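First up is the structure itself, then whatever we jot down about it.
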Amino acid sequence: MNSIITGWLFLRTVVFYLGYIALTGWFTITGLLFFSYLPLSIRGPYLITWNKWILVWLRLSCGVRYNIVGNIPDGHYVVMSKHQSQWETFYLQYAFFPVGVVLKRELLNMPFFGWALRLMEPIAIDRSNPNAALRYIQEEGVKRLQQGKRVLIFPEGTRTPPGQKGTYARSGANIAISAGAPVVPVAHNAGECWPARKFIKSPGLVTVIIGEPIPSTDTNSRELTSTVSHWIESQMLSISQAPTPPASENGPQPV
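If you want it as structure tokens, here you go:
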């Protein structure tokens, strides 16, 4: 019975990726041909539709639904989110647009997917040079906020398996404090349906909890990061079905 279920999930995932490739190819080619020379304020609303349709197709092909708890605030701020999956990169860019996403530069070189990302003007960093990456995140992040945009950063730096916690970097808090902008924390359990580094997608409900803005005034980056980390991880206990392993000091070291 388990092999039958696994085979069925595998087939549904194949169908999803066929649609994924088609949608990505369509939006990348049309974006490059017709929108690449236009400002982000014009091309962005078209390109972000790609994210929406990926999520719709994921629901239709693999049965992955989602429920949002909380509201998306107006204004500009730093979004600091749990990172388990590729799912949240699609949803959060769509939900918080216009937003500059902090990501590793190598992603921009991927055919079609990376080209589409490049059109969205992310904050792409070279993780082989941490000091330069930190400076660039800080400068570009503050610049985006001053332009009235939002900044999306995954403080754990890399995707962590459900039930686990990575080391929260302070770069997001530093940006918020420098720009005088609040932080909006986001918790979710997307890794339970779209696990990192695994092919098969499992049907289920992704719960996304959007917190109230946390002021960055009268605090420092260590305290602000700790506040965000505590909020996110406490929410994870209520929405995650994965067992939580014993606490460990050895986690990924994000920028």
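Residue numbers (my numbering): -2 to 252. Glycine included, every Cβ here is placed at the ideal spot set by N, Cα and C. Computed from a predicted model, the values in this text were never measured in an experiment.
- A Cβ-Cβ separation of about 4 angstroms places Ser213 in contact with Ala173 under the 8 angstroms criterion.
- With the rule of 3 Cβ pairs closer than 8 angstroms, the segment 179 to 194 counts as touching the segment 72 to 85.
- Note: Leu29 is not bridge-paired with any residue in the DSSP secondary-structure output.
- Burial state of Lys195 is exposed, judged by a 10 Å Cβ sphere holding fewer than 16 other Cβ atoms.
- In terms of CA proximity to Arg56, Trp84 leads the group Ile45, Trp84, Pro42.
- Bridge partners of Tyr74 according to DSSP: none are assigned.
- The closest CA to that of Arg219, considering only Gly169, Lys49, Ser199, is found on Gly169.
- Across the structure, Leu142 and Trp54 are spaced so that their CA atoms are roughly 32 angstroms apart.
- Burial state of Val225 is buried, judged by a 10 Å Cβ sphere holding 16 or more other Cβ atoms.
- The C-alpha of His73 lies about 11 angstroms from the C-alpha of Gly138.
- Residue pairing by DSSP places His185 opposite Val205 in a beta bridge.
- Within the DSSP bridge table, the entry for Tyr63 names Val203 as partners.
- Setting aside the 5 residues that flank it on each side, Leu30 has no residue in the same chain whose C-beta is closer than 8 angstroms to its C-beta.
- Put simply, of Arg115, Leu44, Tyr63 the residue whose alpha carbon is nearest the alpha carbon of Thr204 is Tyr63.
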